[in-house]
């Protein structure tokens, strides 16, 4: 699933901005499309390398601590530089705002429940899956981090801003992502539901403080991600 990758927030907000502008004005400059396509192709090549068996591509690049730390900041910068309008930019970076906000409850719940993934409780089922690299990776990265699903939380963070203009596509992305996580034995159904609810809860809180979709300023996602980094540092220091 692309949506759970930290580096996806580099290209995700830009795609949201372009789709928003395309729906509102019907025109997006070609250089912005080409920039988004170029970044997406780079991400796709790295993802394909991982699917071909290069686990180091995931652990050292796409899912590394550095990627978690800097990708949202890069995503804000890319969207600020290339978004065709202020409205498109605001909707685009709302993805990062939700993504970073949802990481805190997701990480807290993962640490609290420490639920083992289905690929560990039913290891014989892995051989029946066409793509076996996903459960093998999750066994290595977070064998007891099944509940809740971070990927489900991340796809909802992308889908909620998208739903303002394309609700069916947003719904389809959420369903496909959650079904995929269950099919590849990295999550139970309850894990994906809990992950989705975590992001919905964050969106509810943001709406309560007056930051609904389309209201985000450039500093909102930066503040949210700095809060997540501070949370991660404190959590790590408490476990030393």
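Numbering (this note's numbering), first residue to last: 512 to 751.
A virtual CB, placed ideally from N, CA and C, is assigned to each residue, including glycine.
| query | result |
| --- | --- |
| Using the Cα positions of residue 600 and residue 591, report the straight-line distance between them to the nearest angstrom. | 6 Å |
| When burial is assigned at 16 or more other CB atoms within 10 Å of the CB, is residue 720 buried or exposed? | exposed |
| On the CB-based measure, 16 or more other CB atoms within 10 Å of its CB, does residue 746 come out buried or exposed? | exposed |
| Could you pull the start and end residues of the alpha helix (DSSP H) that residue 723 belongs to? | Segment: none, residue 723 is in no alpha helix (DSSP H) and carries neither H nor E. |
| Could you check what DSSP says for residue 657 in three-state terms: helix, strand or coil? | coil |
| Hey, out of 543, 572, 542, whose CA is closest to residue 554's CA? | 572 |
| If you drop the 5 nearest sequence neighbours on each side, which residues of the same chain put their C-beta closer than 7 Å to that of residue 589? | 521, 525 |
| Short of 6 Å in beta carbon distance, which residues of its chain neighbour residue 656, apart from the five on each side in sequence? Order them along the chain. | 621 |
| To the nearest angstrom, how far is the alpha carbon of residue 736 from that of residue 635? | 39 Å |
| Ordered along the chain, which non-local residues of its own chain (more than five positions away) have a Cβ less than 6 Å from that of residue 612? | 713, 735 |
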